[in-house]
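One structure is given here, and the rest of the page talks about it.
As structure tokens, then:
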């Protein structure tokens, strides 16, 4: 059955998951649903401590068994140690058929890929997956389905009961013996614990894992004691120095800096760039660089940002410190500067993942965005974006807040070089749709800028700008002229994963890869 972005979703997948095809970004606006609830055992005694000696003890206290769903956050990104640590103990106990519900997974989780092969892990729900886990999924080694959701979509799935978490594990930089948790004040800080907020609220059991036990009460807390069952102290929960790795690193690449300058030129010519505008950048180097160049224009015009949201980086914090931004609302910190800002600046505020991007609450912060600056692996002539599946067909990226912010912002700008290596980034059809073209307004490349034809207002605002405006088809043709039209990735028949839209419908499917064969 074809969905609103023209992707054919197999009937057997719709039946197996009980899901509908994607019908548009706003198809569920105003529809009612009922929230799920956790199973809770009241604690009325005065024993006063929830400390347990080990992760194994916590697993046994939580009555771990085959088929459970375990959740984790990824605030330490490539420096996270908690997920692997917990799963090693699960494996030692001989537990099978585990579903991992993580806010994201990456190369730091490579050491547990063998648990996919031996049936310890049979299902994965995540924003996305990088490294060996993604390769294993694409090769069909995961027994069940991998479900990729946006950050907002993950909250929706948990609170609606579609995903029920049996045990949530929260790596907490500081914790007291009764379970008040904070992302700062310890030896391994991560700034915020936003992705764990829905897990704490809806999981049947919640286990805090910390390497810094502090006196009760740990105040202020980001996760309250009323949601936490047990606390375990370990040697090390994460390495903050590995948060700003890969996509989260600043750039000195001249091509990316050119695209960042184009982005600033676009932003300043739109009607939304005025005092009190709101803004988010993605984690890509060009996106981060665009914040730096935009600051110069803000100073020149005496324009101030009302709030910056989302994944926070050093340049955003510097806008706050200079007074160019009034406040930051934070769901993830992408470098140690941002972590320090979250801990010390009174105008740098923690918000939950639900407040940030949940499409099924009564209004998330993404709905109030004027601009979002994003990156993409691929953009097609329909303005659809792919941020999860690489050009080789392997799952190697994450949705993150990409679809959430694109749907919410008044002006969604996607920055991508015309080529990624020797692979065209602008193409006829993306390998996998993760963000629908209806939510993408401007595509910026190093060879020109395309505006979605549906946005005549932006076309009018930029027509006399002197910027290299082109149609999206022209950008594709430039890319193909350099490399030739690429061969389509060769997939097998088996569906190994689904790309969920924010509302839980199916945007696209991910099929098993098969060895490449040259055409006759």
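In the working numbering, the protein residues as written are 821 to 1340. All C-beta atoms in this analysis are idealised placements derived from N, C-alpha and C, irrespective of residue type, glycine included. In this text the structure is predicted, and so the values were computed from the model without any measurement.
Contacts around residue i, its chain only, beta-carbon distance under 7 Å, and the 5 residues preceding and following it disregarded
i            : result
residue 1117 : 1084 and 1088
residue 852  : none
residue 1181 : 1174
residue 929  : 903, 904, 951 and 953
residue 961  : 936 and 937
residue 1275 : 1261
residue 1113 : 1080, 1081 and 1084
Other residues of its chain near residue i: CB distance less than 6 Å, five sequence neighbours each side excluded
i            : result
residue 1231 : 1090, 1092, 1191 and 1261
residue 1146 : 1126
residue 1163 : 1004
Enclosing alpha helix (DSSP H) for residue i [first to last residue]
i            : result
residue 1174 : 1173-1177
residue 1046 : Segment: none, residue 1046 is in no alpha helix (DSSP H) and carries neither H nor E.
residue 1232 : No alpha helix (DSSP H) holds residue 1232; the beta strand (DSSP E) holding it covers 1231-1235.
residue 975  : 971-979
residue 1142 : 1134-1142
residue 902  : 902-912
Secondary structure of residue i, DSSP reduced to three states
i            : result
residue 1300 : helix
residue 994  : strand
residue 776  : Residue 776 is absent from the structure shown; the chain starts at 821 and stops at 1340.
residue 1125 : strand
residue 1152 : strand
residue 1331 : strand
residue 1246 : strand
residue 879  : helix
residue 1074 : helix
residue 1025 : strand
residue 1255 : strand
residue 1294 : helix
residue 1169 : strand
residue 1187 : helix
residue 921  : strand
residue 1349 : Since the first and last residues shown for the chain are 821 and 1340, residue 1349 lies out of range.
residue 962  : coil
residue 1275 : coil
residue 769  : Lying before the first or after the last residue shown, residue 769 is absent from the chain, which here runs from 821 to 1340.
residue 1198 : strand
residue 1109 : helix
residue 1208 : coil
Cβ-based neighbour list, residue i, same chain, cut-off 8 Å, excluding 5 preceding and 5 following
i            : result
residue 1341 : Look at the range of the chain in this structure, 821 to 1340, and you will see that residue 1341 is not part of it.
residue 1060 : 896, 899, 1008, 1009, 1010, 1156 and 1159
residue 825  : 842, 1202, 1204, 1253, 1256, 1257, 1327 and 1328
residue 1195 : 1067, 1102, 1103, 1104, 1106, 1107, 1207, 1234, 1235 and 1236
residue 1030 : 991, 992, 993, 994, 995, 1001, 1006, 1051, 1052, 1053, 1054 and 1057
residue 939  : 916, 917 and 963
Residue i, enclosing beta strand (DSSP E) - first and last residue
i            : result
residue 1312 : 1311-1320
residue 946  : 941-946
residue 928  : Taken as a continuous stretch (DSSP letters only), residue 928 belongs to no beta strand (DSSP E), as it is neither H nor E.
residue 1213 : Element bounds for residue 1213: n/a, residue is neither H nor E.
residue 1260 : First-last for residue 1260: undefined, no H or E at that position.
residue 1268 : 1268-1271
residue 1193 : 1191-1195
residue 938  : First-last for residue 938: undefined, no H or E at that position.
residue 890  : 889-892
residue 1098 : 1097-1101
Rounded separation between residue i and residue j - CA only
i            : j            : result
residue 918  : residue 955  : 19 Å
residue 1305 : residue 1326 : 28 Å
residue 856  : residue 1238 : 44 Å
residue 1222 : residue 941  : 27 Å
residue 1056 : residue 959  : 33 Å
residue 1293 : residue 1248 : 8 Å
residue 1210 : residue 1021 : 34 Å
residue 1286 : residue 1251 : 33 Å
residue 1035 : residue 994  : 10 Å
residue 828  : residue 834  : 11 Å
residue 838  : residue 1154 : 36 Å
residue 1267 : residue 1288 : 8 Å
residue 860  : residue 1188 : 35 Å
residue 1150 : residue 1139 : 14 Å
residue 1037 : residue 1170 : 19 Å
Contact test: residue i Cβ vs the ligand SAH heavy atom, cutoff 8 Å
i           : result
residue 892 : Within the structure as shown, the ligand SAH is missing, as the structure has no ligands at all.
Residue i vs residue j beta-carbon contact at 9 Å
i            : j            : result
residue 943  : residue 977  : no
residue 1208 : residue 1236 : no
residue 884  : residue 987  : yes
residue 1049 : residue 893  : no
residue 868  : residue 998  : yes
residue 989  : residue 890  : yes
residue 1042 : residue 996  : no
residue 1132 : residue 1148 : yes
residue 1129 : residue 1185 : yes
residue 913  : residue 876  : yes
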